[in-house]
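Using this note's numbering, the letters of the sequence shown correspond one by one to residues 409 to 770.
In this text, a Cβ means the ideal position worked out from N, Cα and C, and glycines have one as well.
Just below is one structure, and these are the notes that go with it.
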Amino acid sequence: MIICQKCFVDDVIKDVISSRSTYLGECETCGSTDKLYDTNKDSYLEDYFSSLLEIYTPVSQIPNFPLKDGRLLQTEFLNNWNIFTSKNESTIYEILKSICSNQYQVMPELFEQKIGIEKMIDVDYMKEHSLLRSNNWDLFVYDLKYKNRFHSNHINKELLEKYCSYILKSYKKGKRLYRCRISNNKESIPSNEMGAPDATKSSDGRANSRGIRCLYLGDSDKTTIHETRAGKYDSICIGTFVLKDDIVVVDFKSINKISPFAEGIIDNIMELAVNKQYLEKINTEMSKIMRRKDDSLDYLPTQYITDFVKSIENEGISIYSGIEYKSVMNEEGFNLAIFDPNLFECEEVKQVNITQLNYTFS
Numbered sequence: 409m410i411i412c413q414k415c416f417v418d419d420v421i422k423d424v425i426s427s428r429s430t431y432l433g434e435c436e437t438c439g440s441t442d443k444l445y446d447t448n449k450d451s452y453l454e455d456y457f458s459s460l461l462e463i464y465t466p467v468s469q470i471p472n473f474p475l476k477d478g479r480l481l482q483t484e485f486l487n488n489w490n491i492f493t494s495k496n497e498s499t500i501y502e503i504l505k506s507i508c509s510n511q512y513q514v515m516p517e518l519f520e521q522k523i524g525i526e527k528m529i530d531v532d533y534m535k536e537h538s539l540l541r542s543n544n545w546d547l548f549v550y551d552l553k554y555k556n557r558f559h560s561n562h563i564n565k566e567l568l569e570k571y572c573s574y575i576l577k578s579y580k581k582g583k584r585l586y587r588c589r590i591s592n593n594k595e596s597i598p599s600n601e602m603g604a605p606d607a608t609k610s611s612d613g614r615a616n617s618r619g620i621r622c623l624y625l626g627d628s629d630k631t632t633i634h635e636t637r638a639g640k641y642d643s644i645c646i647g648t649f650v651l652k653d654d655i656v657v658v659d660f661k662s663i664n665k666i667s668p669f670a671e672g673i674i675d676n677i678m679e680l681a682v683n684k685q686y687l688e689k690i691n692t693e694m695s696k697i698m699r700r701k702d703d704s705l706d707y708l709p710t711q712y713i714t715d716f717v718k719s720i721e722n723e724g725i726s727i728y729s730g731i732e733y734k735s736v737m738n739e740e741g742f743n744l745a746i747f748d749p750n751l752f753e754c755e756e757v758k759q760v761n762i763t764q765l766n767y768t769f770s
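This is the structure in structure tokens:
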């Protein structure tokens, strides 16, 4: 089977093909012209995928495994791993079977039957390796809300710090981002008033508790207008904020896309696999729609995680300057929560009026 670099979205696999492939041509799988991998001649991808396949066992061979949790291998790869460009299960199946042909000969049932992760039902393993010590997101939230808000031990902080280190994003000095505010008196808001509110006026947000300053910025005018939830005929001011120093943020948009083949992960893929559900939950919570009538306590999980990111230091200096997450109101955009508002300066403000709104419903 002929596949190519563009058949994959996983950066590690793409880099391996780019550095080791010796021929360029048309891919018979996706039709692209790129560096090729011929499963009949090449074998350097086999070790990578074999390491991932090793965490799975046919459900029929796992005592007491919930049958409803079993999946076909191609379904598991499509839904739980961000590896292949194709969203077609048959294509994924053929690629896996071709790359790991030796493993297919030894254990065809791994490719043909429903599979599961045996360690998921191993109490001792999960106690040591789970991101959530209770193995239950709802219990973690309940503990934060009603039992222990500041010193909860429900999260394995060492693991969370490890996974955060794989989803970093750098921004260079001069980067421009945007912030929108509604002008209540229809007048332009001065640039020195467009930033984060003072601590005495700071309310609960997705990434900050009441009284803690945090600068929320969007990637575009469109995103920040949507996030403000301005109404028809509102007068709004959009500030352009310029970054004053190079920074690194934790990009929670990518938390469920950590490569199983990355250095420091591939030797313990099992640990990543059993925590995929919790990483996805963090991603979901970060981009969860919050309505005005919702309880501010609902922000606690993301506030807790954000505060932990803020606390990560190296020689007494904070490593990360903020977090990045998907926009709640604009599917194409994203937001940043910057821990130190002084890292950005508002260079200009433009005032516009909302003349039309578009609604979608289901």
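Around the CB of D419, fewer than 16 other CB atoms lie within 10 Å, so the residue is classed as exposed. With respect to the 7 angstroms criterion, E536 and T465 are not classified as neighbours on the basis of their beta carbons. Beta-bridge analysis with DSSP links G724 to no other residue.
In the structure shown, N683 adopts helical secondary structure according to DSSP, grouped into three states. In terms of Cα proximity to S506, the closest of Y452, L547, D715, K495 is Y452.
DSSP places K583 in no alpha helix (DSSP H); its state is neither H nor E.
When the alpha-carbon of K583 is set against those of L567, S628, Y533, the nearest one is in S628. Straight-line spacing of the CA atoms in S458 and M515 works out to 12 angstroms. Of all C-beta pairs linking the region 591 to 609 to the region 679 to 691, fewer than three are shorter than 8 angstroms, placing the two stretches out of contact.
Between N510 and E462, the alpha-carbon positions lie close to 13 angstroms from each other.
For V736, there is no enclosing alpha helix (DSSP H), as DSSP gives it neither H nor E.
Looking only at G672, K661, N676, F669, the smallest Cα-Cα distance to E739 is reached by K661.
Using a C-beta cut-off of 8 angstroms, the region 697 to 707 makes no contact with the region 536 to 548, since fewer than three inter-stretch Cβ pairs fall below that distance. Closest option to I503, judged by alpha-carbon separation, among K565, L705, E436: E436. By the neighbour-count criterion, in which a residue is buried when 16 or more other Cβ atoms sit within 10 angstroms of its Cβ, Y431 is exposed.
Under the three-state reduction of DSSP output, C754 falls in the strand class. Only residues of its own chain outside the window of five on either side were considered, and among them A604, N616, R618, G619, I620, R621, C622 have a CB closer than 8 angstroms to the CB of S610, listed in chain order.
For S538, there is no enclosing beta strand (DSSP E), as DSSP marks it with neither H nor E. Counting C-beta pairs with one atom in each stretch, the region 702 to 722 and the region 484 to 496 have fewer than three that are closer than 8 angstroms, which means they do not touch. Rounded to whole angstroms, the separation of the alpha carbons of G730 and L680 is 24 angstroms.
Ranked by Cα distance from N488, the first of D654, S440, H562, S667 is S667.
When Cβ pairs closer than 8 angstroms are counted between the two stretches, the region 624 to 638 is seen not to touch the region 548 to 561, the count staying below three. Counting only unbroken stretches of 4 or more residues, the alpha helix (DSSP H) elements lying wholly within the region 507 to 571 are 509 to 514, 517 to 520, 531 to 537, 545 to 554, in sequence order. L625 carries a strand assignment under DSSP once its states are collapsed to helix, strand and coil. When the Cα atoms are used, F752 and L765 turn out to be separated by approximately 30 angstroms. Sequence-distant Cβ neighbours of K580 in its own chain, meaning closer than 8 angstroms and more than five residues away, are L651, D654.
Excluding residues up to 5 positions away in sequence, V656 lie with their Cβ nearer than 6 angstroms to the Cβ of L576 in the same chain.
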